Amino acid sequence: MIERLNNLPTWERGFHIFWLLGPFVLLIERSPADAWLTILAITFAVRAVIKRDGAWLKIFWVKAAFLFWGVCLFSAAISATPSYALSEAFIWFRFPLFAMATAFWLGTDKRLLYAMLISTAIAMFVMTGILTAEMLIEGQKGGRLTWPYDDLVPGNYLSKVGLPAFTVMVALAIGAKPRLASFMGILSLITIIMSVLTGERINFLIRACGGMLAGLVWKPVWSRYMILIIVEVLAIVVVFVTMPGMETRFVDAVLNDIPTGPHSDYYRVMGGGLMAFQEAPIFGIGTANYRDLCAGIMVGLDDFRCDNHPHNFYIQFLAETGLVGFFAGIAMIGGIIWATFKAGLKNRDNVVAATAFVIPLGLFFPIASTADFFGQWNNIFMWSALALSLAATNLHRNDA
1 MIERLNNLPT WERGFHIFWL LGPFVLLIER SPADAWLTIL AITFAVRAVI
51 KRDGAWLKIF WVKAAFLFWG VCLFSAAISA TPSYALSEAF IWFRFPLFAM
101 ATAFWLGTDK RLLYAMLIST AIAMFVMTGI LTAEMLIEGQ KGGRLTWPYD
151 DLVPGNYLSK VGLPAFTVMV ALAIGAKPRL ASFMGILSLI TIIMSVLTGE
201 RINFLIRACG GMLAGLVWKP VWSRYMILII VEVLAIVVVF VTMPGMETRF
251 VDAVLNDIPT GPHSDYYRVM GGGLMAFQEA PIFGIGTANY RDLCAGIMVG
301 LDDFRCDNHP HNFYIQFLAE TGLVGFFAGI AMIGGIIWAT FKAGLKNRDN
351 VVAATAFVIP LGLFFPIAST ADFFGQWNNI FMWSALALSL AATNLHRNDA
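Numbering-wise, full-length UniProt numbering puts 141 at position 141 of the sequence shown, and it's gapless, one number per residue.
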């Protein structure tokens, strides 16, 4: 890594070091994290113009991202509140642009990509240590943890920012040589238990399911796979037994919230998004407009309720960007998943490449409840993970 950094021009070396510090910047607060991401995204765009580097614009998922952005801008322009919606749609593109910066500039060298994964893993365990301290000093608040942000998002950090490192750890625990496998298994067990303690159910499921899938796609040793699952399940059961409130939150509440009728709050919120879609089915009610326009749409619809967003990416696409945005968004997401999956098929011996598709598949799983697709915190966490998975498409067979 040091050799690669030394071979870079001085100004680029500084930006690459800045990039490698990102997982720790994301531990501070959303404003520094957003500044980190935005600076790198804009620098990449300026660099591409100066160097006349446009080869990356030919990649399908990149073209699909620009198409989706264009639909978002158009939907915003014709909406009831164009100035607000346009501003939200315009600045949202910094997130996929950051992924492009990582995939086509910052993470093109395997040594720097591996260094970033190590940086991410270390930061993930720093977060685990912070949350352990919170459990010991203050304990949970309403079944949730909040450090270091004083907000209910640390599980979001573990699940999204840490997902590329976590999936690699689980895959190594299943398929690596015994000593390394044991070490990775212990580390992954520690972090998955902390995901339970954060009280964030969907984020826990993303990590748990993502880890299990990653363990299947890279040199699985079936006996280890079963042992790891049994040990992690037993550890979670112990948490539930010693902290009965956690069992209620993760089992009873999840079953009650399955969106099959008005008894479920997710049904009411997601249904509100579908009602908004019916108001403007072609181009939607405008990017990020749902929170402001929902109250007027829900008049007389007592089975549904408003929230800041419909709690599902695809329903949000329909509500805010209509059918056109829905299909453009699917093209972008499908392009990202296919790019990472195809790279893994070509390089099955490399654990990073083989497991890369798990990240976008988990983050964009269609039936999951989700955060706001255009929200700041969610996008910072989510696109930092997507960026690393897309950078893994640069790995080749001899990089295993």
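In this text, a Cβ means the ideal position worked out from N, Cα and C, and glycines have one as well. Quantities reported herein were computed from a predicted structural model and do not represent experimental measurements.
Within the DSSP secondary-structure output, R144 pairs in a beta bridge with K141. For H16, the secondary structure class from DSSP, reduced to helix, strand or coil, is helix.
Boundaries of the alpha helix (DSSP H) around A35: R30 to I50. Relative to L388, the option among V358, P366 and I2 whose CA is nearest is V358.
In terms of Cβ geometry, G155 and E88 do not form a close pair [threshold 9 Å]. Under the 10 Å beta carbon count, P23 is surrounded by 16 or more other beta carbons and is classified as buried.
Contact between F74 and A328 does not hold, since their C-beta atoms are separated by about 10 Å, which reaches or exceeds 8 Å.
In the three-state DSSP reduction, S75 falls in the helix class (H, G or I). For C306, no alpha helix (DSSP H) segment is defined, and its DSSP state is neither H nor E. Around the C-beta of S188, 16 or more other C-beta atoms lie within 10 Å, and the residue is accordingly described as buried. Taking C-alpha positions only, I336 is separated from D292 by approximately 31 Å. In terms of Cβ geometry, F381 and T287 do not form a close pair [threshold 9 Å]. For G272, the enclosing alpha helix (DSSP H) stretches over residues D265 to E279.
Under the three-state reduction of DSSP, V299 is assigned to coil, being neither helix nor strand.
Between L106 and the set P9, T167 and G143, the nearest pair of CA atoms involves P9.
Burial of Q316 is indicated by the presence of at least 16 other C-beta atoms within 10 angstroms of its C-beta. In this structure, I174 sits near L228, with a CB-CB distance shorter than 9 Å. Per DSSP, the unbroken alpha helix (DSSP H) holding P96 starts and ends at R94 to A101.
If you check the CB distance, L152 and T128 do not come in under 9 Å.
One thing to note: P164 has its Cβ within 9 Å of the Cβ of T120. Out of L27, A48, V352 and V168, the CA that lies nearest to the CA of L131 is found in L27. For S369, the secondary structure class from DSSP, reduced to helix, strand or coil, is coil. Here DSSP, grouped into helix, strand and coil, assigns I59 to coil. In this structure, A339 keeps its C-beta atom at 9 Å or more from the C-beta atom of A353. The C-beta of R94 has 16 or more other C-beta atoms within 10 Å across all chains shown, which makes the residue buried. In the three-state reduction of the DSSP assignment, P9 falls in the coil class, being assigned neither a helical nor a strand state. Scanning R13, C72 and K63 for the CA closest to the CA of T43 turns up R13. Taking 4 residues as the minimum length, the alpha helix (DSSP H) runs contained wholly in the segment 110-172 are 110-137, in order along the chain. A391 sits away from A48, with the two beta carbons spaced by 9 Å or more. Excluding its 5 nearest sequence neighbours in each direction, A115 has C-beta neighbours in its own chain below 8 Å: M1 and L20, listed in chain order. A direct Cα-Cα distance of roughly 35 Å separates T242 from H309.
Per the coordinates, the alpha-carbon of C209 lies some 23 Å from the alpha-carbon of T146.
For R224, the uninterrupted alpha helix (DSSP H) segment begins and ends at W222 to T242. For F313, the uninterrupted alpha helix (DSSP H) segment begins and ends at F313 to K346.
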